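Chains as they are written, first to last, in the working numbering: chain H, 81 to 672; chain Z, 12 to 124.
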């Protein structure tokens, strides 16, 4: 017996007209959304990103999809619609929300996926790991996996990166589904959790990356911790020493088969090692989750967090020691530092960009508020599962420990999202488990889902003006890759730039925003960039793209006029000549 | 060990790993090569290892196939890079060997039970 809860209500085996209509509605919404997204013209010219240019049929598709889902979820007295219908609607939602950019362009969004392809390429060319190159080579697990899969499968790397968000969210949903099965017996709640997980997933961490891979493995570890490794504890009697000792000693495995538990423990240890080798942050998330479950009396063996901690420390002390020498883990710890990096520094820029950031914050707060209300409601009805609460709250403890390049809040909201969705679903469904939502409640649910979908598309694709690249920009980079000799410096205006995917170690890559912050004016920044470019023995290339310029303008680092002045100043210097240009990009060669 | 006592899925899994690894090493047209490689690198080892964990929950079983398959391939690839012996062909062979070993371990369980 496992702790996985059995469904209290079995869906009826026969197909009903409602099921068929819901499935057809899903197909119609997919067709509408995909067609509408494919009509978007690049580059995206809106400060609020894709949401500003997606035509009306896309939103009609989103509306139809959410109505169909709520109808299917409401079902009838026997339960929600059949599982294939619910799965199909989820597939459509993933394609619409996480594949929208794929319908717009055949180039992966953002810079980092390109960089990750370059690291895998560098690994497979060198067949060795040099930890002195950069941080990625201190946690090379995911890149080793990527190099092997790309080599053996013969896949086009860029196509893999393009579809990675859809693939990763699909993997995550399998994990969330299994975790949710361990935590609730209500089939409607299980489906709604998966839906809310997608609707609240604005964090955009599902691209081809170690963190996406790490998050999937984290979900597998949590599933094992809540399943075969779960423990049951006697009633808690108080904080007196004797009571605590009796409570601690009274814990027992929920799973009676020792062989099953040992095999699950071995699998968990393998997963912990791989997570520690693949990503900096995820092992800490695993460690605090396992620690919280153990201290809550819900995980056995109780030494598992200790083992996870030892594995993590061993990885930091040996394979990752090169990186840690120059970057102590707690160097930028502190609540104020974390707030500055995660909130203050992110709320700058044009009005549209600030609006997008505010929508992201509002979406997170909305879901957390719903979850808080759901938690209070469950607590009052004496059905609050302490494990959900622990898994929701524990990621927050990492907030003051590391600013993580200003991304800690994003990661925390992602790791808490499955459990936030679970608690939020408690508010959105009838109080009595297994009851069918009324028509009025279903209407409210549709409205909530629509609001969340609109906010997620806004938040997720809010940077489309600078992280969705045109064919012209890709053509400029391809040309630059051909013309730049080994050892030359390539200087782009800003991040994101879709580079480094083919010759990661072959050039010195810099951006103007990194070379001369915070003043990017021609008078101050121009000489700095020119001096850097001029003093590279193998020559330098300046890459100026529309998207990078938009990045600087949207985030308030320069103005269109200021950027033009900088380019004109650089163009006028000795040894600088225009080597390539098209509608969206210019490449200047700088002689040494 | 008496091979007649082996279950068909265990036998099929081991044979499929050997055949698919050979096919992947020889090479196929792109879509087939992709399927064969994903099978031999991730799905077959994942399935073979997940069968050593006697879960009765089908959903957890599917999750374990994916999780263990990806985690094992990551561990093998990373170790090969650190040992500077990596090639994707070596990884294919290693994953096929792991699948066969897991099938043998499962066969011992089946014979014992």
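Glycine included, C-beta positions come from ideal geometry on N, C-alpha and C.
All values reported here derive from a predicted model rather than from experimental measurement.
Taking 8 Å as the cut-off, the beta carbon of residue 182 of chain H is found closer than this to the beta carbon of residue 243 of chain H. For residue 572 of chain H, the enclosing beta strand (DSSP E) starts and ends at 569-572. The beta carbon of residue 50 of chain Z sits closer than 6 Å to those of 31, all from its chain and outside the five residues before and after it, given in chain order. In this chain, the alpha helix (DSSP H) harbouring residue 506 of chain H covers 488-508.
With a threshold of 8 Å between beta carbons, residue 88 of chain Z makes contact with chain H. DSSP places residue 671 of chain H in the coil class of the three-state scheme, outside both helix and strand. For a Cβ distance threshold of 7 Å, residue set 78 and 82 of chain Z lies close to residue 297 of chain H, ordered along the chain. Within the region 337-355 of chain H, the residues whose Cβ lies closer than 9 Å to some Cβ of chain Z are 337, 339, 340, 343, 344, 346, 347, 350, 351, 353, 354 and 355, listed in chain order.
Close CB contacts of residue 250 of chain H within its chain, under the 7 Å cut and outside five residues either way in sequence, are with 174 (chain order). Per the Cβ contact rule, the region 216-223 of chain H is in contact with the region 289-307 of chain H (3 or more Cβ pairs under 8 Å).
The closest CA to that of residue 124 of chain H, considering only H:671, H:634 and H:672, is found on H:634. Residue 58 of chain Z is outside the set of residues whose beta carbon lies under 8 Å from a beta carbon in chain H. Residue contact check for residue 31 of chain Z against chain H: no CB pair falls below 8 Å.
The Cβ-Cβ distance between residue 549 of chain H and residue 578 of chain H falls below 8 Å.
Following the DSSP letters along the chain, one finds residue 660 of chain H inside the beta strand (DSSP E) bounded by residues 656-662. The C-beta of residue 71 of chain Z comes closer than 8 Å to at least one C-beta of chain H.
In terms of Cβ geometry, residue 503 of chain H and residue 454 of chain H form a close pair [threshold 8 Å]. In the structure shown, residue 115 of chain Z falls within a helical segment according to DSSP collapsed to helix, strand and coil. In terms of beta-carbon proximity, residue 231 of chain H lines the interface with chain Z, with at least one pair separated by less than 8 Å. Residues of the region 92-110 of chain Z with a C-beta less than 7 Å from any C-beta of chain H: 92, 93, 95, 97, 99, 102 and 103, listed in chain order.
Within 10 angstroms of the beta-carbon of residue 284 of chain H lie 16 or more other beta-carbons, which makes it buried. For residue 597 of chain H, DSSP assigns no beta-bridge partner whatsoever.
Listed along the chain, the chain H residues whose CB falls inside 9 Å of the CB of residue 20 of chain Z amount to none; the nearest CB is some 17 Å away.
Around the beta carbon of residue 365 of chain H, a 10 Å sphere encloses 16 or more other beta carbons of the protein chains shown; the residue is thus reported as buried. Nearest to residue 26 of chain Z by C-alpha distance, out of Z:96, Z:114 and Z:121, is Z:114. The C-beta of residue 63 of chain Z comes closer than 8 Å to at least one C-beta of chain H. At a cut-off of 8 Å between C-beta atoms, residue 75 of chain Z counts as an interface residue with respect to chain H. In the same chain as residue 385 of chain H, and ignoring 5 residues on each side of it, the C-beta atoms closer than 7 Å to its own belong to 367, 370, 371 and 374, in chain order. Shown in chain order are the members of the region 246-273 of chain H whose Cβ falls below 7 Å from a Cβ of chain Z: 251, 254, 255, 257, 258 and 261. Between residue 661 of chain H and residue 619 of chain H, the CB-CB gap reaches or exceeds 8 Å.
Taking a beta-carbon distance threshold of 8 Å, residue 113 of chain Z does not count as an interface residue toward chain H.
Rounded to the nearest whole angstrom, the CA to CA distance from residue 271 of chain H to residue 94 of chain H is 19 Å. Taking the C-beta atoms as reference points, residue 160 of chain H is found no nearer than 8 Å to residue 333 of chain H. With a contact defined as Cβ atoms closer than 8 Å, residue 639 of chain H and residue 280 of chain H miss out at about 35 Å. Contact annotation, residue 253 of chain H with residue 170 of chain H: C-beta distance approximately 7 Å; criterion of less than 8 Å satisfied. Around residue 48 of chain Z, the beta-carbon contacts reaching into chain H at under 8 Å are 229, 232, 233 and 234.
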